[in-house]
Amino acid sequence: MQIKLFHPAREVSFRGPKPVSSILLKLGLSREAHLVICDDVLVTEDTVIADDAVIEIRPVISGGSA
20 MQIKLFHPAR
30 EVSFRGPKPV
40 SSILLKLGLS
50 REAHLVICDD
60 VLVTEDTVIA
70 DDAVIEIRPV
80 ISGGSA
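Now the structure itself:
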């Protein structure tokens, strides 16, 4: 599977299928701080990602007004 990461922008690949939780663990990323998107759909940590899939992992960004 192809994985596109943001902040910093980079791409990695893993052999699948793998659950999202395993991918995040392997990358050292916390589920609470990252969104995982596959085929334009936000997926949960128990979703199994196919070997031929392309996913995006984006950090959660929050802010407020002063």
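With this note's numbering, letter number 35 in the sequence shown gets 54, and the count goes up by one each step, no holes. Note that CB positions come from ideal geometry on N, CA and C, so glycine has one too. The model shown is predicted, which means the values in this text are computed figures rather than measured ones.
Please determine, among the options, the residue with the shortest C-alpha to C-alpha distance to residue i.
i     : options                       : result
Cys57 : Pro78, Gly35, Ile68 and Ser41 : Ile68
Ala28 : Ser81, Glu75, Ile80 and Gly82 : Glu75
Asp59 : Thr66, Val73 and Gly47        : Val73
Glu64 : Phe33, Arg50 and Leu46        : Arg50
Phe25 : Pro36, Thr66, Leu48 and Gly35 : Leu48
With H, G and I counted as helix, E and B as strand and the rest as coil, what does DSSP make of residue i?
i     : result
Ile80 : coil
Glu30 : strand
Val39 : helix
Leu48 : coil
Mind checking residue i: buried by the 16 CB within 10 Å criterion, or exposed?
i     : result
Ile42 : buried
His53 : buried
Val39 : buried
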